[in-house]
Amino acid sequence: MKRNLPFYTKAVPGNTPGTATSIIIDRVNYRSALIGLAVADVAADSGISAKIQTGDMADGSDMTDFLPDGPGNPITTEQLTVSNTNTFKDVDLSGAKQYIQLVFTTTGTAPTFSSSVTLGDAQYGDDFNA
-14 MKRNLPFYTK
-4 AVPGNTPGTA
6 TSIIIDRVNY
16 RSALIGLAVA
26 DVAADSGISA
36 KIQTGDMADG
46 SDMTDFLPDG
56 PGNPITTEQL
66 TVSNTNTFKD
76 VDLSGAKQYI
86 QLVFTTTGTA
96 PTFSSSVTLG
106 DAQYGDDFNA
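The sequence shown runs -14 to 115 under my numbering.
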């Protein structure tokens, strides 16, 4: 995590198992994310990467690329291939809207993969657990 991991974390899947369908994640009060991506079966001519999108709508209808480093610089994982089968990306969610999702880009034959998002650095007001 970009800040401190010991308390207030939440792990959620990044995609529907067995598909490339993104899951919309409510990240309210969480300031960091650890994105995990792993391939189970990938052909020699194939690859996959994931990027983060963010929006205000729970249905994902207004999702756009998360661009904390400026236009044209989305937060993206490494490209996974036969020789590189898993990756993690530590992300500071400062400036992200309430909802995030992973968007997957594949090359060649679509690989079998899984993804996860671990939210951390929860920030709560003084009245939390009051």
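Note that CB positions come from ideal geometry on N, CA and C, so glycine has one too.
For Ser34 and Leu65, believed in contact at Cβ under 8 angstroms, the rounded distance: The count along the sequence shown starts at 1 and reaches residue 65 at position 80. The count along the sequence shown starts at 1 and reaches residue 34 at position 49. At roughly 7 angstroms, the Cβ-Cβ gap stays under 8 angstroms, so Leu65 and Ser34 are in contact.
Element boundaries [beta strand (DSSP E), containing Val102]: In the sequence shown, the residue the question calls residue 102 occupies position 117. Counting along the chain, the beta strand (DSSP E) containing Val102 begins and ends at 97 to 107.
Would you mind stating whether Val24 and Phe98 have Cβ atoms separated by less than 8 angstroms? As a position in the sequence shown, residue 24 is number 39, starting the count at 1. As a position in the sequence shown, residue 98 is number 113, starting the count at 1. Yes, Cβ-Cβ distance for Val24 and Phe98 is below 8 angstroms.
Count the other CB atoms within 10 Å of the CB of Asn114; is the residue buried (16 or more) or exposed (fewer)? Start at 1 with the first residue of the sequence shown, and residue 114 comes out as number 129. With a pLDDT of only 43 at Asn114, under the threshold of 50, the placement of this residue in the model should not be trusted; the figure read from the coordinates follows. The residue in question, Asn114, is exposed, as its Cβ has fewer than 16 Cβ neighbours within 10 Å.
For the beta strand (DSSP E) containing Asp75, list its first residue and its last residue. As a working mapping, residue 75 is identified with position 90 in the sequence shown. Note, Asp75: beta strand (DSSP E), 71 to 77.
Which same chain residues, not among the five before or five after Ala81, have their C-beta less than 6 angstroms away from its C-beta? Counting from 1 along the sequence shown, the entry for residue 81 is found at position 96. These residues qualify, in order along the chain: Thr39, Phe51.
Let me know the beta strand (DSSP E) ranges lying completely inside the region 14 to 59, each 3 residues or longer, listed in chain order. 15 to 26, 32 to 40
When Pro56, Gln83, Met48, Asp30 are compared against Ser68, the one with the closest alpha-carbon: Residue 68 sits at position 83 when you count from the first residue of the sequence shown. Taking only the C-alpha atoms, the option nearest Ser68 is Asp30.
When the Cα of Lys74 is compared with those of Ile10, Ser17, Thr4, Thr1, which residue comes out closest? Within the sequence shown, numbered from 1, the residue matching residue 74 stands at position 89. If we check each option's Cα against that of Lys74, Ser17 comes out closest.
Go through its chain and collect everything with a Cβ distance to Ile10's Cβ below 7 angstroms, but skip five positions before and after it. Here residue 10 corresponds to residue number 25 of the sequence shown, with the count starting at 1. Within the same chain, Ile10 has close Cβ partners Val(-3), Tyr84, Ile85, Gln86, Val102.
When you compare each of Ser7, Phe89, Ala107 to Asp44 by their alpha carbons, which one comes out closest? Taking the sequence shown and counting its residues from 1, one reaches residue 44 at position 59. The candidate whose alpha carbon is nearest that of Asp44 is Ser7.
I believe Ser79 touches Pro56 by the beta-carbon criterion, under 8 angstroms. Please report the beta-carbon distance rounded to the nearest angstrom. Sequence index remark: in the sequence shown, residue 79 carries index 94 (1-based). Sequence index remark: in the sequence shown, residue 56 carries index 71 (1-based). Not quite, the Cβ-Cβ distance comes to about 17 angstroms (not below 8 angstroms), so this is no contact.
Chain D contact for Thr94 (CB, 8 angstroms cutoff): Judged by its chain identifiers, the structure shown contains no chain D, having just a single protein chain.
One or two residues paired with Pro(-2) in a DSSP bridge: To locate residue -2, count along the sequence shown from 1; it is residue 13. Its beta-bridge partners are Ser101.
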